[in-house]
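Here is the structure we will look at, set down as structure tokens.
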Amino acid sequence: MVGVDDMLSVENLSVSYGAIKALHGISLRVERGEIVTLIGSNGAGKTTTLRTISGLVRAAAGSISFEGVPIGKLPPHQIVRMGIAQAPEGRGVFANMSVDENLSLGAYARHDKEQIDKDRQRALELFPRLRERLAQSAGTLSGGEQQMLAIARALLARPKLMLLDEPSLGLAPQVVATIFKIIREINAGGTTILLVEQNAHMALNVAHRAYVLEVGKIAMEGPAAELAKSDEVRRAYLGHG
Amino acid sequence: MSKLFEETRSLKAPVWGVIPRAAWPLVVAIAIGALIYFGVSPLVGGFVSKVMLIVGINIVLAVSLNIVNGYTGQFSMGHAGFMAVGGYVAAGIVYYGSIKLWGSADPAGGILSIVQEGPKSGPLLGKGDFLFVISCLIGGLVAAGAGYVVGLPSLRLRGDYLAIVTLGFGEIVRVILQGSHDQIQPWKAADAAAMPVYELAWKLGGPKGFNLVPTYTTLFWVYFWAVLTCIAAYRLKSSSSGRAFLSIREDEVAAQAMGVDLTKYKVRAFVFSSFFAGVAGGLYALDIGAISAGDLNFIKSFDIIIMVVLGGLGSISGAVLAAVILSILPEALRDFQSYRLIVYALLLIVIMIVRPQGLFGVREVWDLKIFKRRGGGLGGSAGGAP
Ligand SMILES: Nc1ncnc2c1ncn2[C@@H]1O[C@H](COP(=O)(O)OP(=O)(O)OP(=O)(O)O)[C@@H](O)[C@H]1O
Ligand SMILES: [Mg+2]
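Taken in sequence, the protein lines are chains Z and F. The letter at position 214 of the first sequence is residue 1376 when you use our numbering, and the numbering goes up by one with no holes. The letter at position 77 of the second sequence is residue 87 when you use our numbering, and the numbering goes up by one with no holes.
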């Protein structure tokens, strides 16, 4: 099962919120250099999966390992230092801080000042709109700009693995297209990506492999291109009758 | 790090460069304390000096509470509890310490801690001053220990719940201290001198309070500590800890996702904050020469919270200004005793409507636009909403 190139491997992960069981023993893996997407409808447990990987939620059972090291019991701040950064659902930008300060916090766990400056430049090249708004407080950015900021901020952590939770949520189609183009660029720059999406069409288009999550269980998995062709996925997630 | 250090050093004049970074706050604190004590106090007279002393202690309290309530956005209502802990420890050490060391509980300070007005003579520091300084430090450290313990539940509790826990802490401290044994009175100093320390430690006067403590607190010591508190708070705010604190206040989950260690910073805020509250307690007790747990109840905590809220959660200069206003106001309105509370309440209501973020929000005086235009300002401090 466990491939040599696995960057992240999740085995039989179960998560409960009190009496509510959100994940029923899911397993997934992400190889170095991949874009893997996790699709599924509302309440399927996608956000829960990402939050458990980044340590914000504790698993009831199962294991998570990153580059061969078990991280299931580590606190979030150590997981960040190991190289996993997250752009959380609903963006989670620091609304009363400026764009600039948000970016600085993205690099909070790092101390290599010169490389941080370079990464900041690169992030601002990917998102030129943010450069024009460095001094603006993040709460006053448009939804799309906040999403860009959330991704740029995660980039500043210089992660090996980036977790993206519904980056297309509530965005106009052109902006969605831009975001996905940038996701591809980030991946081309060497960052592995685990992408959670409801926009299955775009997600399957950009990803190498995909998992379909249904009420806390993995229902299907495989190369993204194949899943995109499967009848079930087409019917349930791509809106084809 | 060392590179940054070199740069800051080279910016200063060569004479100043000799003083190590860590000693700077002490130098500034001593200078300002001395200026106020020797320069300002004789000019303004006894009454104003007394008000200034209250102002100074309140500055220490407000600026330190701001570290918890302002920087990290946790809501502590137990600041008076930490003050009581520090105050009793300091008063106990000075009172019984004086008796143990030199047989009586009379003041034994030098010029810096002679409370009476008029020309002072003698050495700058007396033997009692060392005991006094150490007692305030230990009071602060014990309070910081209590802050550590109280800080831990803050990891799981937020908002109202944390407020209730800290409120409970303050009340527990009060009840425990009021249950302490009778104080050994000064005329029985010989008995006290013969007693082991661990027995004395619990003879803190119970409900009657702890009295007849030799007094040492002067404007010098109060402003010495007030300056130290402000510098510590400023350094905390402008360091990477400061960014961590403010990010926690904005959004705990996102802060964690950035790699901020929530446990460390929440507890750290409590420890720093309660240390200075403890010191303030010591200054307070050794000004009056007495301390009573009954006076340091949640209403006292509330007074300090109001200062922090008025000044702006997170703003050091705001807290200082609010401490000044809210300490002077009651004195100035003394003749209109019956209207005092009304004016006080109205002021707060107006502020809350006009500027709910407090006078300065999270910013400092020097961040304001009027100062910015001259190209001055220390800048770099974490900004807030415009
Ligand atoms: N903090 C919580 N407390 C209780 N239940 C929760 C909590 N967070 C999530 N849940 C529940 O867990 C289940 C999975 O939620 P999750 O947020 O992971 O879904 P999701 O796949 O991300 O959905 P969406 O696409 O709408 O974001 C849901 O039934 C949800 O109600
Ligand atoms: Mg979700």
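Heads up, the beta-carbon is just placed ideally off N, CA and C, and yes, glycines get one too.
If I'm right that residue i touches residue j with Cβ under 8 Å, what's the distance once you round it to whole angstroms?
i: residue 1404 of chain Z; j: residue 1253 of chain Z; result: Chain Z is shown from 1163 up to 1403; residue 1404 of chain Z falls before or after that span and cannot be answered.
i: residue 1249 of chain Z; j: residue 1300 of chain Z; result: Not quite, the Cβ-Cβ distance comes to about 13 Å (not below 8 Å), so this is no contact.
i: residue 317 of chain F; j: residue 332 of chain F; result: 4 Å
i: residue 90 of chain F; j: residue 308 of chain F; result: 7 Å
i: residue 288 of chain F; j: residue 150 of chain F; result: 4 Å
i: residue 375 of chain F; j: residue 223 of chain F; result: With 8 Å as the limit, residue 375 of chain F and residue 223 of chain F do not qualify as a contact, their Cβ atoms being about 37 Å apart.
i: residue 100 of chain F; j: residue 108 of chain F; result: That belief does not hold up - the Cβ atoms of residue 100 of chain F and residue 108 of chain F are roughly 12 Å apart, past 8 Å.
i: residue 158 of chain F; j: residue 281 of chain F; result: 5 Å
i: residue 1264 of chain Z; j: residue 1311 of chain Z; result: 6 Å
Spatial neighbours of residue i within its chain, please: C-beta separation below 8 Å, excluding the five flanking residues on both sides.
i: residue 1238 of chain Z; result: 1216, 1217, 1218
i: residue 132 of chain F; result: 120, 121, 124
i: residue 1175 of chain Z; result: 1185, 1187, 1188, 1189, 1211, 1214, 1221, 1223, 1224, 1225, 1226
i: residue 1307 of chain Z; result: 1291, 1292, 1295
i: residue 1375 of chain Z; result: 1188, 1200, 1201, 1202, 1206, 1207, 1208, 1211, 1381
i: residue 257 of chain F; result: 264, 265, 268, 270
i: residue 93 of chain F; result: 71, 153, 287, 288, 290, 291, 294, 306, 310
i: residue 1232 of chain Z; result: 1225, 1226
i: residue 199 of chain F; result: 109, 113, 114, 115
Would you mind working out which of the options sits nearest residue i, comparing C-alpha positions?
i: residue 125 of chain F; options: F:229, F:361, F:34, F:92; result: F:229
i: residue 254 of chain F; options: F:277, F:208, F:331, F:296; result: F:277
i: residue 136 of chain F; options: F:118, F:149, F:142; result: F:118
i: residue 290 of chain F; options: F:279, F:306, F:275; result: F:306
i: residue 141 of chain F; options: F:225, F:216, F:94; result: F:225
i: residue 1213 of chain Z; options: Z:1334, Z:1324, Z:1168; result: Z:1324
i: residue 1274 of chain Z; options: Z:1306, Z:1320, Z:1236; result: Z:1320
i: residue 145 of chain F; options: F:164, F:96, F:234; result: F:96
i: residue 279 of chain F; options: F:147, F:192, F:165, F:143; result: F:165
i: residue 1271 of chain Z; options: F:370, F:271, F:365; result: F:271
i: residue 1366 of chain Z; options: Z:1277, Z:1191, Z:1384, Z:1351; result: Z:1384
i: residue 220 of chain F; options: F:187, F:58, F:182; result: F:187
i: residue 174 of chain F; options: F:86, F:54, F:343; result: F:86
i: residue 1302 of chain Z; options: Z:1260, Z:1340, Z:1288; result: Z:1260
i: residue 1230 of chain Z; options: Z:1198, Z:1255, Z:1333, Z:1193; result: Z:1193
Residues in the same chain with beta-carbon distance under 6 Å from residue i, minus the five sequence neighbours each way, listed in chain order, please.
i: residue 236 of chain F; result: 66, 69, 70
i: residue 259 of chain F; result: 82, 83
i: residue 409 of chain F; result: Nothing about residue 409 of chain F can be reported from this structure: the residues present for chain F run from 11 to 396 only.
i: residue 1178 of chain Z; result: 1222
i: residue 57 of chain F; result: none
Quick one: what does DSSP say residue i is sitting in, helix, strand or coil?
i: residue 1179 of chain Z; result: strand
i: residue 1357 of chain Z; result: strand
i: residue 1328 of chain Z; result: coil
i: residue 1384 of chain Z; result: strand
i: residue 217 of chain F; result: helix
i: residue 1114 of chain Z; result: With chain Z running from 1163 to 1403 in the structure shown, residue 1114 of chain Z is simply not present.
i: residue 1376 of chain Z; result: strand
i: residue 125 of chain F; result: coil
i: residue 1406 of chain Z; result: In this structure chain Z extends from 1163 to 1403, so residue 1406 of chain Z is not present and cannot be described.
i: residue 396 of chain F; result: Residue placement at residue 396 of chain F cannot be trusted, given a pLDDT of 33 that sits under 50; the coordinates are not used to answer.
i: residue 1232 of chain Z; result: strand
i: residue 143 of chain F; result: helix
i: residue 1224 of chain Z; result: strand
i: residue 148 of chain F; result: helix
i: residue 1277 of chain Z; result: helix
i: residue 188 of chain F; result: helix
i: residue 1260 of chain Z; result: strand
i: residue 1283 of chain Z; result: helix
i: residue 1173 of chain Z; result: strand
i: residue 1397 of chain Z; result: helix
i: residue 1248 of chain Z; result: strand
i: residue 29 of chain F; result: coil
i: residue 194 of chain F; result: coil
i: residue 1213 of chain Z; result: helix
Looking only at its own chain, which residues have a Cβ that is under 7 Å from the Cβ of residue i, when we skip the five neighbours before and after it?
i: residue 1328 of chain Z; result: 1251, 1358, 1359, 1360
i: residue 88 of chain F; result: 160, 176, 177, 179, 180, 311
i: residue 37 of chain F; result: 29
i: residue 1245 of chain Z; result: 1321, 1322, 1323
i: residue 297 of chain F; result: 63, 225, 227
For residue i, would you say it is in contact with chain B, using Cβ-to-Cβ distances shorter than 8 Å as the test?
i: residue 1329 of chain Z; result: Judged by its chain identifiers, the structure shown contains no chain B, and its protein chains are Z and F.
**Request:** Let me know the beta strand (DSSP E) ranges lying completely inside the segment 1181-1205 of chain Z, each 3 residues or longer, listed in chain order.
**Result:** 1182-1193, 1197-1201
**Prompt:** Mind pulling the alpha helix (DSSP H) runs of 4 or more residues that sit fully within the segment 318-389 of chain F?
**Reply:** 326-342, 347-364, 379-382
**Item:** Within the segment 98-122 of chain F, ranges of the beta strand (DSSP E) (whole runs, at least 3 residues)
**Value:** none
**Item:** Uninterrupted alpha helix (DSSP H) stretches inside the segment 220-294 of chain F (no shorter than 4 residues)
**Value:** 229-248, 250-260, 262-267
**Request:** Scan the segment 1286-1357 of chain Z and note each continuous beta strand (DSSP E) run of 3 residues or more that stays entirely inside, going in chain order.
**Result:** 1323-1327
**Request:** Collect the residues with a C-beta less than 5 Å away from any heavy atom of ligand 4 and give them in sequence order along the chain.
**Result:** No copy of ligand 4 occurs in the structure displayed; its ligands are ligand 1 and ligand 2 alone.
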